[in-house]
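Heads up, the thing below is written out as structure tokens.
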Ligand code: NAD
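As structure tokens, this is what we get:
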């Protein structure tokens, strides 16, 4: 869901000179490889992997060549080895703790989602500025004050934060998160935040994805143009 655009602080090239579009496809390959492994398939062809990921086999082979992962002609890739190579490249060999900044509707929902653990991410803390929320529970986590963020980051060695605050508060929350020691932010607020060099921000925007989905769906099925009320202006 994160935008495919380069990280706001990035130069358009990913880690070790690998282009960002290639990096952004690697998690897709990894998920598919994990699924093949679960299905008991030790070797997978580039065609099979590409089909499952909805990409072309030539693109997939070129992407994987950046990792020096070469399949054996006529045989394919060893599922576990390739998954390991991608995990290693993405730095996913060790579990990562994350903190949620802003515990409203979205932050609470994300805090209660158990599925991040399957991807190696553990929500270790949740913080907010609202005194009415501080001290309340989100699952087994107690909401703590953003004033405690530097200590939380240090105690748990957290580098990643989910920013789930209103748009008007996003820049201040990002600044405080970075001052507290976070190095990467997943920003859900519908606004861009400025960050210093070396800090990575990825923006998640479901509304934008819906707009694109509506566009492409209509382009494929022009007869499905909805009738009814014209759209109303929304309020962010
Ligand atoms: P909400 O109002 O329910 O919750 C926001 C929380 O942030 C509140 O608890 C508030 O006290 C807290 N907060 C405010 N300033 C803060 C600060 N400086 N530091 C820490 N916490 C702070 O809002 P919501 O519905 O949960 O939405 C959160 C954000 O996510 C909004 O920006 C919303 O537009 C966005 N959103 C994005 C998507 C998406 O697809 N990207 C989807 C839904 C919501």
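Numbering (this note's numbering), first residue to last: 27 to 262.
Note that the Cβ used here is the ideal one computed from N, Cα and C, for glycine as well.
For clarity, every value in this text was computed on a predicted model and none was experimentally measured.
Which residues does DSSP list as the beta-bridge partners of residue i?
i, result
"residue 226", "210"
"residue 147", "122"
"residue 116", "None; residue 116 has no bridge partner."
"residue 172", "DSSP, once it has assigned bridges, lists no residue as partnering residue 172."
"residue 187", "125 and 211"
"residue 102", "98"
"residue 164", "167"
"residue 156", "None, per the DSSP bridge assignment."
"residue 221", "Note: residue 221 sits in no beta bridge, so no partner."
So, using beta-carbon positions, are residue i and residue j closer together than 9 Å?
i, j, result
"residue 172", "residue 161", "no"
"residue 54", "residue 109", "no"
"residue 191", "residue 151", "no"
"residue 146", "residue 118", "yes"
"residue 200", "residue 221", "yes"
"residue 17", "residue 123", "The displayed coordinates of the chain run from 27 to 262. Any statement about residue 17 would go beyond what the structure contains."
"residue 210", "residue 227", "yes"
"residue 205", "residue 252", "no"
"residue 72", "residue 52", "no"
"residue 63", "residue 79", "no"
"residue 263", "residue 133", "Look at the range of the chain in this structure, 27 to 262, and you will see that residue 263 is not part of it."
"residue 48", "residue 116", "no"
"residue 243", "residue 250", "yes"
Beta-carbon within less than 8 Å of residue i's beta-carbon, same chain only, minus the 5 sequence neighbours each way: which residues are those?
i, result
"residue 196", "189, 213, 215, 217 and 219"
"residue 120", "146"
"residue 248", "none"
"residue 183", "123"
"residue 180", "207"
"residue 246", "none"
"residue 60", "109"
"residue 137", "126, 129, 149, 152, 164, 165 and 167"
If you measure from the beta carbon of residue i to each beta carbon in chain D, is any gap under 9 Å?
i, result
"residue 221", "Absence of chain D from the displayed structure is noted, only one protein chain being present."
Please return the same chain residues whose Cβ sits closer than 7 Å to the Cβ of residue i, not counting the five positions on each side in sequence.
i, result
"residue 44", "92"
"residue 31", "Low confidence applies to residue 31: its pLDDT is 36, below 50, so where it sits in the model is not reliable enough to give any reading."
"residue 81", "51"
"residue 83", "72, 73 and 76"
"residue 202", "172 and 175"
"residue 101", "69"
Apart from the five residues just before and just after residue i, which ones in its own chain have a Cβ nearer than 6 Å to its Cβ?
i, result
"residue 68", "105"
"residue 89", "48 and 51"
"residue 153", "127, 170, 172 and 175"
Touch test, the segment 125-138 against the segment 99-114, Cβ-Cβ under 8 Å, three pairs minimum: In the pairwise beta carbon analysis, the segment 125-138 is classified as not touching the segment 99-114: fewer than three pairs are separated by under 8 Å.
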